[in-house]
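Trainee: This is the structure I want to talk about, given as C-alpha coordinates.
Residue numbers (the working numbering): 25 to 316.
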(Lines of atoms letter the chains of each structure in order from A and count residues from 1; the text may use other names and numbers.)
(Lines give C-alpha, C1' and ligand atoms only; values in the text may rest on other atoms or scores of the structure.)
Protein backbone atom coordinates (compact mmCIF):
# COMPACT_ATOMS: atom_id res chain seq x y z
CA UNK A 1 0.00 0.00 0.00
CA UNK A 2 1.10 3.55 -0.70
CA UNK A 3 0.08 5.08 2.62
CA UNK A 4 3.61 5.06 3.98
CA UNK A 5 4.83 6.95 0.94
CA UNK A 6 2.11 9.56 1.45
CA UNK A 7 3.22 10.03 5.06
CA UNK A 8 6.81 10.49 3.91
CA UNK A 9 5.86 13.12 1.34
CA UNK A 10 3.75 15.01 3.88
CA UNK A 11 6.63 15.00 6.38
CA UNK A 12 8.95 16.40 3.71
CA UNK A 13 6.46 19.17 2.97
CA UNK A 14 6.18 20.03 6.66
CA UNK A 15 9.94 20.15 7.18
CA UNK A 16 10.55 22.16 4.02
CA UNK A 17 8.45 24.94 5.50
CA UNK A 18 9.87 24.82 9.02
CA UNK A 19 13.28 23.11 9.10
CA UNK A 20 15.05 22.68 5.75
CA UNK A 21 18.31 22.10 7.63
CA UNK A 22 16.76 18.97 9.13
CA UNK A 23 16.07 17.67 5.64
CA UNK A 24 19.70 18.29 4.72
CA UNK A 25 20.88 16.32 7.77
CA UNK A 26 18.67 13.38 6.82
CA UNK A 27 19.96 13.42 3.24
CA UNK A 28 23.53 13.31 4.55
CA UNK A 29 22.93 10.31 6.81
CA UNK A 30 20.99 8.42 4.14
CA UNK A 31 24.06 8.40 1.89
CA UNK A 32 25.37 5.63 4.17
CA UNK A 33 22.24 3.48 3.98
CA UNK A 34 22.78 -0.06 2.61
CA UNK A 35 20.21 0.74 -0.10
CA UNK A 36 21.61 4.22 -0.82
CA UNK A 37 22.14 3.46 -4.51
CA UNK A 38 18.53 2.36 -4.92
CA UNK A 39 17.28 5.46 -3.12
CA UNK A 40 19.43 7.67 -5.35
CA UNK A 41 18.12 5.95 -8.48
CA UNK A 42 14.54 6.60 -7.43
CA UNK A 43 15.31 10.20 -6.49
CA UNK A 44 16.68 10.72 -9.99
CA UNK A 45 13.14 10.20 -11.27
CA UNK A 46 12.25 13.43 -9.47
CA UNK A 47 14.76 15.43 -11.50
CA UNK A 48 17.01 18.12 -10.06
CA UNK A 49 14.43 20.00 -8.00
CA UNK A 50 15.56 19.67 -4.33
CA UNK A 51 12.07 19.57 -2.82
CA UNK A 52 10.88 16.88 -5.23
CA UNK A 53 13.99 14.82 -4.45
CA UNK A 54 13.38 15.14 -0.72
CA UNK A 55 9.75 14.10 -1.10
CA UNK A 56 10.83 11.05 -3.07
CA UNK A 57 13.55 10.15 -0.57
CA UNK A 58 11.18 10.44 2.38
CA UNK A 59 8.56 8.38 0.54
CA UNK A 60 11.08 5.61 -0.12
CA UNK A 61 12.41 5.71 3.44
CA UNK A 62 8.91 5.22 4.83
CA UNK A 63 8.22 2.31 2.47
CA UNK A 64 11.59 0.56 2.75
CA UNK A 65 10.85 -1.66 5.82
CA UNK A 66 8.05 -3.32 3.83
CA UNK A 67 10.30 -3.80 0.80
CA UNK A 68 12.89 -5.82 2.73
CA UNK A 69 10.40 -8.56 3.60
CA UNK A 70 12.21 -10.44 0.83
CA UNK A 71 15.23 -9.94 -1.40
CA UNK A 72 18.93 -9.30 -0.78
CA UNK A 73 18.32 -7.03 2.22
CA UNK A 74 15.93 -9.40 3.98
CA UNK A 75 18.25 -9.42 7.02
CA UNK A 76 16.76 -6.02 7.87
CA UNK A 77 13.20 -7.39 7.95
CA UNK A 78 11.51 -7.42 11.35
CA UNK A 79 8.03 -8.90 11.18
CA UNK A 80 7.30 -8.39 14.86
CA UNK A 81 8.00 -4.65 14.79
CA UNK A 82 4.92 -3.49 12.87
CA UNK A 83 2.17 -3.96 15.46
CA UNK A 84 1.38 -4.01 19.16
CA UNK A 85 -1.51 -6.31 20.00
CA UNK A 86 -3.25 -4.45 22.80
CA UNK A 87 -6.28 -6.64 23.58
CA UNK A 88 -9.87 -5.56 23.09
CA UNK A 89 -12.39 -7.84 24.78
CA UNK A 90 -15.65 -7.52 22.86
CA UNK A 91 -18.66 -7.18 25.14
CA UNK A 92 -16.61 -8.17 28.20
CA UNK A 93 -15.57 -11.48 26.65
CA UNK A 94 -13.40 -13.60 28.95
CA UNK A 95 -10.87 -15.49 26.80
CA UNK A 96 -9.73 -19.01 27.75
CA UNK A 97 -6.14 -17.76 27.99
CA UNK A 98 -4.86 -14.41 29.20
CA UNK A 99 -3.45 -12.52 26.19
CA UNK A 100 0.24 -11.71 26.39
CA UNK A 101 1.71 -8.64 24.72
CA UNK A 102 5.00 -9.59 23.12
CA UNK A 103 8.08 -7.92 24.57
CA UNK A 104 9.23 -7.06 21.06
CA UNK A 105 6.57 -4.95 19.39
CA UNK A 106 5.95 -1.68 17.59
CA UNK A 107 6.56 0.46 20.67
CA UNK A 108 9.77 -1.26 21.76
CA UNK A 109 11.06 -1.22 18.17
CA UNK A 110 10.36 2.48 17.78
CA UNK A 111 12.11 3.30 21.05
CA UNK A 112 15.18 1.31 20.01
CA UNK A 113 15.37 2.97 16.62
CA UNK A 114 14.93 6.41 18.16
CA UNK A 115 17.87 5.60 20.44
CA UNK A 116 20.08 4.54 17.52
CA UNK A 117 19.14 7.52 15.35
CA UNK A 118 19.96 9.93 18.18
CA UNK A 119 23.36 8.33 18.87
CA UNK A 120 25.89 10.42 16.96
CA UNK A 121 28.59 7.85 17.78
CA UNK A 122 26.67 5.03 16.07
CA UNK A 123 27.69 3.97 12.54
CA UNK A 124 26.00 6.16 9.94
CA UNK A 125 24.59 3.07 8.20
CA UNK A 126 22.87 1.98 11.41
CA UNK A 127 21.43 5.45 11.93
CA UNK A 128 20.17 5.50 8.33
CA UNK A 129 18.40 2.17 8.75
CA UNK A 130 16.95 3.38 12.05
CA UNK A 131 15.58 6.49 10.35
CA UNK A 132 13.74 4.35 7.80
CA UNK A 133 12.20 2.31 10.58
CA UNK A 134 11.16 5.45 12.45
CA UNK A 135 9.48 6.79 9.30
CA UNK A 136 7.65 3.49 8.85
CA UNK A 137 6.70 2.79 12.46
CA UNK A 138 5.28 6.25 13.04
CA UNK A 139 2.95 5.54 10.13
CA UNK A 140 2.06 2.10 11.48
CA UNK A 141 1.31 3.23 15.01
CA UNK A 142 -1.14 5.89 13.81
CA UNK A 143 -3.25 3.32 11.98
CA UNK A 144 -5.79 1.85 14.43
CA UNK A 145 -5.53 -1.80 13.39
CA UNK A 146 -1.82 -1.83 14.21
CA UNK A 147 -2.65 -1.26 17.88
CA UNK A 148 -5.35 -3.79 18.76
CA UNK A 149 -6.44 -7.40 18.61
CA UNK A 150 -10.06 -8.42 19.09
CA UNK A 151 -10.95 -11.21 21.52
CA UNK A 152 -14.46 -12.64 21.22
CA UNK A 153 -16.26 -16.00 20.99
CA UNK A 154 -15.36 -15.99 17.27
CA UNK A 155 -11.73 -15.12 18.01
CA UNK A 156 -10.89 -16.71 21.39
CA UNK A 157 -7.16 -16.42 20.64
CA UNK A 158 -7.44 -12.95 19.12
CA UNK A 159 -7.79 -11.82 15.53
CA UNK A 160 -4.12 -10.75 15.25
CA UNK A 161 -4.78 -7.05 14.69
CA UNK A 162 -7.58 -7.79 12.23
CA UNK A 163 -5.62 -10.12 9.93
CA UNK A 164 -7.95 -13.04 10.79
CA UNK A 165 -11.13 -10.93 10.65
CA UNK A 166 -12.54 -11.11 7.12
CA UNK A 167 -14.92 -8.56 5.62
CA UNK A 168 -16.21 -7.66 2.18
CA UNK A 169 -15.77 -4.00 1.16
CA UNK A 170 -18.70 -2.17 -0.45
CA UNK A 171 -18.96 -2.77 -4.20
CA UNK A 172 -16.46 -5.64 -4.11
CA UNK A 173 -16.92 -9.39 -4.23
CA UNK A 174 -13.40 -10.01 -2.92
CA UNK A 175 -13.14 -10.52 0.82
CA UNK A 176 -10.16 -8.96 2.60
CA UNK A 177 -9.00 -8.95 6.18
CA UNK A 178 -9.90 -5.94 8.28
CA UNK A 179 -6.27 -4.98 8.80
CA UNK A 180 -5.69 -4.77 5.05
CA UNK A 181 -8.91 -2.81 4.57
CA UNK A 182 -7.78 -0.12 6.99
CA UNK A 183 -4.19 -0.07 5.71
CA UNK A 184 -5.33 0.49 2.13
CA UNK A 185 -8.42 2.67 2.58
CA UNK A 186 -6.61 5.97 1.91
CA UNK A 187 -3.90 5.07 -0.59
CA UNK A 188 -3.49 1.71 -2.30
CA UNK A 189 -1.45 2.83 -5.31
CA UNK A 190 2.34 3.01 -5.01
CA UNK A 191 2.63 5.21 -8.10
CA UNK A 192 4.38 8.43 -7.08
CA UNK A 193 2.03 10.64 -9.09
CA UNK A 194 -0.89 9.17 -7.16
CA UNK A 195 1.02 9.40 -3.88
CA UNK A 196 1.88 13.06 -4.43
CA UNK A 197 -1.70 13.87 -5.42
CA UNK A 198 -3.04 12.29 -2.23
CA UNK A 199 -0.43 14.09 -0.11
CA UNK A 200 -1.43 17.43 -1.64
CA UNK A 201 -5.09 16.72 -0.91
CA UNK A 202 -4.41 15.73 2.69
CA UNK A 203 -2.21 18.77 3.26
CA UNK A 204 -5.17 20.94 2.28
CA UNK A 205 -7.74 18.93 4.24
CA UNK A 206 -5.77 18.52 7.46
CA UNK A 207 -3.24 21.31 8.00
CA UNK A 208 -1.30 21.18 11.24
CA UNK A 209 -3.59 23.80 12.82
CA UNK A 210 -6.54 21.35 12.62
CA UNK A 211 -4.72 18.49 14.36
CA UNK A 212 -5.58 19.10 18.01
CA UNK A 213 -3.60 16.04 19.09
CA UNK A 214 -0.39 17.93 18.30
CA UNK A 215 -1.13 20.16 21.30
CA UNK A 216 -2.85 17.53 23.44
CA UNK A 217 -0.04 14.99 23.18
CA UNK A 218 3.07 16.72 21.82
CA UNK A 219 6.34 14.92 21.28
CA UNK A 220 8.63 15.62 24.23
CA UNK A 221 10.58 12.36 24.36
CA UNK A 222 10.24 8.75 23.16
CA UNK A 223 7.92 8.18 26.14
CA UNK A 224 5.35 10.44 24.44
CA UNK A 225 4.65 7.77 21.84
CA UNK A 226 2.94 5.43 24.30
CA UNK A 227 0.02 7.83 24.61
CA UNK A 228 -0.34 8.06 20.84
CA UNK A 229 -0.84 4.29 20.73
CA UNK A 230 -3.01 3.73 23.80
CA UNK A 231 -5.06 6.93 23.97
CA UNK A 232 -5.52 7.35 20.22
CA UNK A 233 -4.92 4.38 17.92
CA UNK A 234 -6.15 1.65 20.26
CA UNK A 235 -9.28 3.61 21.16
CA UNK A 236 -9.97 4.25 17.48
CA UNK A 237 -9.53 0.56 16.71
CA UNK A 238 -12.17 -0.25 19.31
CA UNK A 239 -14.66 2.49 18.43
CA UNK A 240 -14.17 2.88 14.67
CA UNK A 241 -12.49 -0.35 13.59
CA UNK A 242 -14.53 -2.87 15.55
CA UNK A 243 -17.50 -0.59 16.32
CA UNK A 244 -17.18 -1.45 20.02
CA UNK A 245 -17.51 -5.13 19.15
CA UNK A 246 -20.57 -4.80 16.91
CA UNK A 247 -18.80 -5.17 13.55
CA UNK A 248 -19.70 -8.44 11.85
CA UNK A 249 -16.71 -10.44 10.66
CA UNK A 250 -15.77 -13.98 9.72
CA UNK A 251 -12.86 -16.35 10.18
CA UNK A 252 -13.00 -17.38 6.50
CA UNK A 253 -13.19 -15.30 3.35
CA UNK A 254 -16.21 -17.17 2.00
CA UNK A 255 -18.29 -16.15 5.03
CA UNK A 256 -17.25 -12.51 5.11
CA UNK A 257 -19.96 -9.92 5.78
CA UNK A 258 -20.21 -6.82 3.63
CA UNK A 259 -19.15 -3.52 5.15
CA UNK A 260 -21.61 -0.66 4.86
CA UNK A 261 -20.80 2.37 2.75
CA UNK A 262 -21.08 4.48 5.90
CA UNK A 263 -18.42 2.36 7.61
CA UNK A 264 -16.07 2.64 4.63
CA UNK A 265 -16.60 6.40 4.39
CA UNK A 266 -15.86 6.85 8.08
CA UNK A 267 -12.74 4.67 7.82
CA UNK A 268 -11.55 6.84 4.94
CA UNK A 269 -11.87 10.00 7.05
CA UNK A 270 -10.25 8.48 10.13
CA UNK A 271 -7.43 6.93 8.12
CA UNK A 272 -6.68 10.12 6.21
CA UNK A 273 -6.58 12.23 9.34
CA UNK A 274 -4.36 9.74 11.15
CA UNK A 275 -2.00 9.72 8.16
CA UNK A 276 -1.76 13.50 8.28
CA UNK A 277 -1.15 13.43 12.03
CA UNK A 278 1.55 10.77 11.60
CA UNK A 279 3.37 12.97 9.10
CA UNK A 280 3.32 16.04 11.34
CA UNK A 281 4.53 14.03 14.31
CA UNK A 282 7.24 12.44 12.18
CA UNK A 283 8.41 15.91 11.18
CA UNK A 284 8.37 16.93 14.85
CA UNK A 285 10.52 13.94 15.80
CA UNK A 286 12.98 14.70 13.00
CA UNK A 287 13.29 18.29 14.21
CA UNK A 288 14.05 16.97 17.69
CA UNK A 289 16.65 14.52 16.38
CA UNK A 290 18.36 17.09 14.14
CA UNK A 291 17.96 20.52 15.78
CA UNK A 292 19.70 23.55 14.29
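Virtual Cβ for every residue (Gly too), placed ideally from N, Cα, C.
With DSSP as the reference, label residue 100 as helix, strand or coil.
Mentor: As a position in the chain shown, residue 100 is number 76, starting the count at 1. Correct three-state label for residue 100: helix.
Trainee: Along the chain, where does the beta strand (DSSP E) containing residue 173 start, and where does it finish?
Mentor: The residue given as residue 173 occupies position 149 in the chain shown. 173-175 is the extent of the beta strand (DSSP E) around residue 173.
Trainee: Go to residue 112, then tell me how far its beta strand (DSSP E) extends in each direction, as first and last residue.
Mentor: Here residue 112 refers to the residue found at position 88 when the chain shown is read from its first residue. 111-113 is the span of the beta strand (DSSP E), which, as asked, contains residue 112.
Trainee: For residue 309 versus residue 243, is the C-beta spacing smaller than 8 Å?
Mentor: To locate residue 309, count along the chain shown from 1; it is residue 285. To locate residue 243, count along the chain shown from 1; it is residue 219. Cβ distance < 8 Å, so residue 309 and residue 243 count as in contact.
Trainee: So, with DSSP's three-state summary, where would you put residue 189?
Mentor: To locate residue 189, count along the chain shown from 1; it is residue 165. Coil.
Trainee: Out of 183, 53, 305, 96, state which residue places its alpha-carbon closest to the alpha-carbon of residue 145.
Mentor: One-based indexing of the chain shown puts residue 145 at position 121. Answer by Cα proximity: 53.
Trainee: Below 8 Å on the Cβ atoms is my contact criterion, and I expect residue 298 with residue 167 to pass it. Report the Cβ-Cβ distance as a whole number of Å.
Mentor: For the purposes of this step, residue 298 is identified with residue 274 of the chain shown, where counting begins at 1. For the purposes of this step, residue 167 is identified with residue 143 of the chain shown, where counting begins at 1. 6 Å between Cβ atoms; contact.
Trainee: Residues in its own chain within less than 8 Å of residue 130 by CB, not counting five upstream and five downstream?
Mentor: Position 106 of the chain shown, counted from the start, is the residue given in the question as residue 130. Cβ neighbours of residue 130 beyond the five flanking positions: 105, 106, 107, 108, 161, 164, 165, 170, 171, 253.
Trainee: By alpha-carbon positions, which one of 45, 69, 62, 76 ends up nearest to residue 32?
Mentor: Sequence index remark: in the chain shown, residue 32 carries index 8 (1-based). Checking every option, the nearest Cα to that of residue 32 belongs to 76.
Trainee: When you compare each of 190, 110, 174 to residue 183 by their alpha carbons, which one comes out closest?
Mentor: The sequence position of residue 183 within the chain shown is 159, counting from 1. It is 174.
Trainee: The alpha helix (DSSP H) spanning residue 299 covers which residue range?
Mentor: As a first step, residue 299 is located in the chain shown; it is residue number 275 there, counting from the start. Run containing residue 299: 285-313, per the alpha helix (DSSP H) assignment.
Trainee: Per DSSP, what are the beta-bridge partners of residue 274 in this structure?
Mentor: Here residue 274 corresponds to residue number 250 of the chain shown, with the count starting at 1. Bridge partners of residue 274: 190.
Trainee: Mark residue 234 as exposed unless 16 or more other C-beta atoms lie within 10 angstroms of its C-beta, in which case mark it buried.
Mentor: In the chain shown, counting from the first residue as 1, residue 234 sits at position 210. Flag for residue 234 reads exposed.
Trainee: Could you please give me the residues that DSSP links to residue 200 through a beta bridge?
Mentor: Indexing the chain shown from 1 puts residue 200 at position 176. BP columns for residue 200 point to 191.
Trainee: Report yes if the C-beta distance between residue 295 and residue 206 is below 8 Å; otherwise report no.
Mentor: In the chain shown, counting from the first residue as 1, residue 295 sits at position 271. In the chain shown, counting from the first residue as 1, residue 206 sits at position 182. It is a contact, given that the beta carbons lie within the stated cut-off.
Trainee: By the three-class DSSP mapping on this structure, what secondary structure does residue 244 have?
Mentor: Taking the first residue of the chain shown as position 1, residue 244 is located at position 220. Coil.
Trainee: Can you tell me the Cα-Cα spacing of residue 232 and residue 307, whole angstroms?
Mentor: For the purposes of this step, residue 232 is taken as residue 208 along the chain shown, with counting starting at 1. For the purposes of this step, residue 307 is taken as residue 283 along the chain shown, with counting starting at 1. Taking the straight line joining both Cα atoms gives about 11 Å.
Trainee: Check residue 233 in the structure and name its three-state DSSP category.
Mentor: Residue 233 sits at position 209 when you count from the first residue of the chain shown. If DSSP states are grouped into helix, strand and coil, residue 233 belongs with the helices.
Trainee: Need the endpoints of the alpha helix (DSSP H) that residue 45 sits in, please.
Mentor: Start at 1 with the first residue of the chain shown, and residue 45 comes out as number 21. Here the alpha helix (DSSP H) through residue 45 covers 44-54.
Trainee: At a cut of 8 Å, does the stretch 266-283 reach the stretch 217-226 through at least three beta carbon pairs?
Mentor: Because the criterion of three Cβ pairs below 8 Å is not met, the stretch 266-283 and the stretch 217-226 do not touch.
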